[in-house]
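Novice: Take this structure, written in structure tokens, and hold onto it; I'll ask about it next.
Number of protein chains: 2
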Amino acid sequence: MPSERAQKSPDADTITDPMAEIDDIDFDIIEQLFFAYRDFTSDPDAILSKSGFGRAHHRVVHFVNRRPGMTVADLLDTLKITKQSLARVLKQLVDSGFVNQVEGVRDRRQRRLYPTRKGRDLALELARPQSRRITKALSGFGPEEQKLIGKFLRAMVDPQ
Amino acid sequence: MPSERAQKSPDADTITDPMAEIDDIDFDIIEQLFFAYRDFTSDPDAILSKSGFGRAHHRVVHFVNRRPGMTVADLLDTLKITKQSLARVLKQLVDSGFVNQVEGVRDRRQRRLYPTRKGRDLALELARPQSRRITKALSGFGPEEQKLIGKFLRAMVDPQ
DNA sequence: AAAATATGTCAACAAAGCTGACATATTCGA
DNA sequence: TCGAATATGTCAGCTTTGTTGACATATTTT
Numbered sequence: 029m030p031s032e033r034a035q036k037s038p039d040a041d042t043i044t045d046p047m048a049e050i051d052d053i054d055f056d057i058i059e060q061l062f063f064a065y066r067d068f069t070s071d072p073d074a075i076l077s078k079s080g081f082g083r084a085h086h087r088v089v090h091f092v093n094r095r096p097g098m099t100v101a102d103l104l105d106t107l108k109i110t111k112q113s114l115a116r117v118l119k120q121l122v123d124s125g126f127v128n129q130v131e132g133v134r135d136r137r138q139r140r141l142y143p144t145r146k147g148r149d150l151a152l153e154l155a156r157p158q159s160r161r162i163t164k165a166l167s168g169f170g171p172e173e174q175k176l177i178g179k180f181l182r183a184m185v186d187p188q
Numbered sequence: 029m030p031s032e033r034a035q036k037s038p039d040a041d042t043i044t045d046p047m048a049e050i051d052d053i054d055f056d057i058i059e060q061l062f063f064a065y066r067d068f069t070s071d072p073d074a075i076l077s078k079s080g081f082g083r084a085h086h087r088v089v090h091f092v093n094r095r096p097g098m099t100v101a102d103l104l105d106t107l108k109i110t111k112q113s114l115a116r117v118l119k120q121l122v123d124s125g126f127v128n129q130v131e132g133v134r135d136r137r138q139r140r141l142y143p144t145r146k147g148r149d150l151a152l153e154l155a156r157p158q159s160r161r162i163t164k165a166l167s168g169f170g171p172e173e174q175k176l177i178g179k180f181l182r183a184m185v186d187p188q
């Protein structure tokens, strides 16, 4: 039942010209970033859906493997989510043996996070298709040019 | 009440070495893409939260402004979400006067999507901080180098 | 005339974010 | 040493945005 509130033809307040590179706005790159990230996450998402995990688990597994021994506070700051939101996925990962929590040595309030062998394997499995995509996208670029890509991406991140 | 299942010290299945550029995996860029996209979306998110809209509305408003007259099917294919998921946000945008639907001329089943003035203004407001971030990240690169960034991002996208 | 297509809609559910409130263990500072 | 601050966990409830499945309508195609 196609909506009855569709107009027969454009009215006075219907804009028909595409929003292009006017106003100094870089629409092309804005859009390309959306597409790149959309497809970049699609590979691991497909793998994760088989094991009942989601993108949130992926992020935790990634960073715990990248920086073993990071505290819960570190992880919260990295992901920029609330502890209640993290708690859900972290608990599942600990309970199913992907992540271990180790009491801090200097500060025993801390729960330092480490991957298990199983967690390391999962992180690698998820990274593989993403890395393949990146390698393919970087093929045809020289080493210096590849460094530029990294430099650009780092410059897109907020300081701190 | 810090979890009682934390270990006092790492056990045999606790991995302590950081996952680095072994296995040919490009962890640095994987991570940088996460950070870049995390902060890239944070600017419009902050603006949207004031008006009761979310990131899903942003995407619709962006593409309808970029390609006025696109069909619902076009939009679904671009966003890679289901029509039921799109319906919710699209209805809100139509009802609150950001998007108009116009019956297709050649095919009257279609509902072609156009921004209103209000919709165009919102799209610009949301794009502005993102473009500012991109411009800043690209400063220091020459015109040829900037083209490389775009080339890389396009190469990250699945064909079709 | 039947089949395919474009769109809309209902209902139920899931993932992953949020706020607010409160508990415990530990460390730090006056 | 004692009270405040910190690190973490947890309960409850809510929101956004995705999903599936089923079905309806209008229009176009075969």
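Chains as they are written, first to last, in this note's numbering: chain Z, 29 to 188; chain V, 29 to 188. All C-beta atoms in this analysis are idealised placements derived from N, C-alpha and C, irrespective of residue type, glycine included. From a predicted model like this one, the values you see are computed outputs, not experimental measurements.
Have a look at Z/Val92 and V/Asp56 and give me their C-alpha separation to the nearest angstrom.
Specialist: If you take the alpha carbons of Z/Val92 and V/Asp56, they lie about 14 Å apart.
Novice: Against chain V, does Z/Gln120 count as a neighbour if the rule is that its beta carbon must be under 7 Å from one of theirs?
Specialist: No, no contact with chain V.
Novice: Which value, in whole angstroms, describes the spacing of the CA atoms of Z/Phe81 and Z/Asp73?
Specialist: If you take the alpha carbons of Z/Phe81 and Z/Asp73, they lie about 9 Å apart.
Novice: Under 7 Å between the Cβ atoms of Z/His90 and Z/Ala40?
Specialist: Contact: no.
Novice: At least one CB of chain Z closer than 7 Å to the CB of V/Arg134: is that the case?
Specialist: Not closer than 7 Å to any Cβ of chain Z, the Cβ of V/Arg134 fails to qualify, so no.
Novice: Do the CB positions of Z/Ile162 and V/Asp54 come within less than 7 Å of each other?
Specialist: Yes, the pair counts as a contact, with Cβ atoms nearer than the cut-off.
Novice: Name the chain V residues that come within less than 8 Å of Z/Val88, Cβ to Cβ?
Specialist: Those within 8 Å of Z/Val88 in chain V number zero; the least Cβ separation is about 12 Å.
Novice: Between Z/Glu131, Z/Arg66 and Z/Gln138, which has its C-alpha nearest Z/Arg83's C-alpha?
Specialist: Ranking Z/Glu131, Z/Arg66 and Z/Gln138 by Cα distance to Z/Arg83 puts Z/Arg66 first.
Novice: I'd like the span of the beta strand (DSSP E) that includes Z/Val127, first residue to last.
Specialist: Note, Z/Val127: beta strand (DSSP E), Val127 to Glu131.
Novice: Give, in chain order, every unbroken run of the alpha helix (DSSP H) that is at least 4 residues long and sits entirely within the stretch 158 to 188 of chain Z.
Specialist: Those alpha helix (DSSP H) runs which fall completely within the stretch 158 to 188 of chain Z and span 4+ residues are 171 to 183.
Novice: Take V/Tyr142 as the anchor and find which of V/Glu153, V/Gln129 and V/Val133 has the nearest alpha-carbon.
Specialist: The shortest C-alpha separation from V/Tyr142 is found at V/Gln129.
Novice: Kindly give me the distance between the Cβ atoms of Z/Leu61 and V/Phe68, rounded to whole angstroms, as I take these residues to be in contact under 8 Å.
Specialist: That pair is a contact at about 6 Å.
Novice: Name the residues in the stretch 50 to 66 of chain V whose C-beta lies less than 8 Å from a C-beta of chain Z; which are they?
Specialist: Correct list: Asp51, Asp52, Ile53, Asp54, Phe55, Asp56, Ile57, Ile58, Glu59, Gln60, Leu61, Phe62, Phe63, Ala64, Tyr65 and Arg66.
Novice: Give a yes or no on whether the minimum CB-CB distance between Z/Asp186 and chain V is below 7 Å.
Specialist: Closer than 7 Å to some Cβ of chain V, the Cβ of Z/Asp186 qualifies, so yes.
Novice: Hey, does V/Ile162 have any beta-carbon neighbour from chain Z nearer than 7 Å?
Specialist: Yes, its Cβ sits closer than 7 Å to a Cβ of chain Z.
Novice: Beta-carbon within less than 8 Å of Z/Lys111's beta-carbon, same chain only, minus the 5 sequence neighbours each way: which residues are those?
Specialist: Hits under 8 Å: Val100 and Leu104.
Novice: Mark V/Arg33 as exposed unless 16 or more other C-beta atoms lie within 10 angstroms of its C-beta, in which case mark it buried.
Specialist: Burial call: exposed.
Novice: Determine, using beta-carbon pairs with one atom in the stretch 167 to 182 of chain V and one in the stretch 163 to 179 of chain Z, whether at least three such pairs fall under 8 Å.
Specialist: Contact between the stretch 167 to 182 of chain V and the stretch 163 to 179 of chain Z is present, because at least three Cβ pairs lie under 8 Å.
Novice: Looking at the secondary structure, which residues open and close the alpha helix (DSSP H) in which V/Arg94 lies?
Specialist: Per DSSP, V/Arg94 belongs to the alpha helix (DSSP H) from Arg83 to Arg94.
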